[in-house]
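In full-length UniProt numbering, the protein residues as written are 1 to 305.
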């Protein structure tokens with residue numbers, strides 16, 4: 001049908017379409033894409049959702065939010081990856097925010113984020129990405145080299161929310177830190193929740209290296225302890241922010257051990273931190289620790305369970 005109608009008529013038809021519909025039409029065939037090349041929107045933010053519908057959908061709302069729904073089944077994954085490639089090729093370095101959410105995880109579904117899909121995403125999303133968000137992603141089938149693509153970015157926000165990681169000699173905590181090293185001087189927001197993949201090694205490295213950090217969420221990470229907090233106390237004098245919010249609900253923090261460590265004369269910053277247990281009103285009473293440096297205007301707030 002595309003070949004039987006004159007180009008002028010197609011252009012007139014496309015003139016009646018709104019921008020979201022034009023965007024969808026540009027992904028249908030090469031002819032339509034050529035006709036719409038100057039009207040293809042290039043969003044700053046893309047949300048990739050993996051679901052079981054087997055029907056790829058691109059929903060363009062505005063330049064600050066575009067949602068791509070796609071599946072990972074063997075029948076459709078190649079076709080959907082080609083569509084994803086086109087979308088990311090359109091935006092290139094314009095993209096600043098990328099969220100990848102797996103709605104298949106924890107639903108007894110055999111599908112999961114594939115190596116090929118993730119490599120398409122991370123290799124084609126340009127160099128100006130500032131916000132990278134993974135939600136409920138299973139990385140057990142992902143090779144380390146694929147996540148190494150993160151090393152080209154200068155991220156300001158990184159989120160691993162409820163993700164699953166492999167027990168791998170290569171793709172481990174140290175590898176993840178190396179992949180994020182280029183972003184350390186820019187990161188202001190880090191979330192890594194409900195995972196035993198990271199330990200105090202991760203927290204201590206972040207405390208030392210991420211001097212612009214404002215928010216650090218480690219909820220549900222059982223291998224995180226008071227040592228991470230002490231590392232922040234020792235390094236906060238080198239940070240550009242004098243206040244940092246740490247959320248460490250369901251971690252291995254012991255308040256008595258923390259107080260003992262903070263009073264140690266061996267601390268590089270000296271025994272200058274005062275620890276107070278408080279309740280913060282968030283519509284309910286939330287236990288928290290407020291750590292205040294008695295000599296410098298430095299403050300840490302740690303949300304606890």
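By construction, the Cβ of each residue, glycine as well, lies at the ideal position given by its N, Cα and C atoms. Please read these numbers as outputs of a predicted model, since none were measured by experiment.
- Segment contact: the stretch 122–137 against the stretch 82–95, three or more CB-CB distances shorter than 8 Å; contact assigned.
- Between residue 23 and residue 41, the gap from beta carbon to beta carbon is short of 7 Å.
- If you check the CB distance, residue 251 and residue 300 do not come in under 7 Å.
- If only complete runs of 4 or more residues are kept, the stretch 33–105 shows the alpha helix (DSSP H) at 77–91, in order along the chain.
- When DSSP assignments are scanned along the stretch 159–222, the uninterrupted stretches of alpha helix (DSSP H) that are 4 or more residues long and fall wholly within it turn out to be 173–180, 200–209.
- Buried is the label assigned to residue 81, since at least 16 other Cβ atoms lie within 10 Å of its Cβ.
- For residue 121, the enclosing alpha helix (DSSP H) has its first and last residue at 115–124.
- Contact check for residue 144 against residue 171 passes: the beta carbons are separated by less than 7 Å.
- The three-state reading of DSSP puts residue 292 in strand, counting E and B together.
- Within the DSSP bridge table, the entry for residue 14 names no partner.
- Taking all protein chains in view, the Cβ of residue 13 is surrounded by fewer than 16 other Cβ atoms within 10 Å, so the residue is classified as exposed.
- When the five nearest sequence neighbours on each side are left out, the beta carbons in the same chain lying within less than 6 Å of the beta carbon of residue 134 are those of 100, 160, 163, in order along the chain.
- Close CB contacts of residue 241 within its chain, under the 6 Å cut and outside five residues either way in sequence, are with 214 (chain order).
- Taking C-alpha positions only, residue 43 is separated from residue 17 by approximately 18 Å.
- Taking all protein chains in view, the Cβ of residue 167 is surrounded by fewer than 16 other Cβ atoms within 10 Å, so the residue is classified as exposed.
- In this structure, the CA atom of residue 183 is about 21 Å from the CA atom of residue 165.
- Close CB contacts of residue 254 within its chain, under the 8 Å cut and outside five residues either way in sequence, are with 225, 226 (chain order).
- Boundaries of the alpha helix (DSSP H) harbouring residue 233: 226–235, taken from the DSSP string.
- Per DSSP, the unbroken alpha helix (DSSP H) holding residue 262 starts and ends at 255–262.
- As a beta-bridge residue in DSSP terms, residue 273 pairs with 293.
- By the neighbour-count criterion, in which a residue is buried when 16 or more other Cβ atoms sit within 10 angstroms of its Cβ, residue 237 is exposed.
- Going by DSSP, residue 24 is part of the alpha helix (DSSP H) stretching over 19–26.
- Restricting attention to 48, 197, 52, the CA atom closest to the CA of residue 59 is found in 48.
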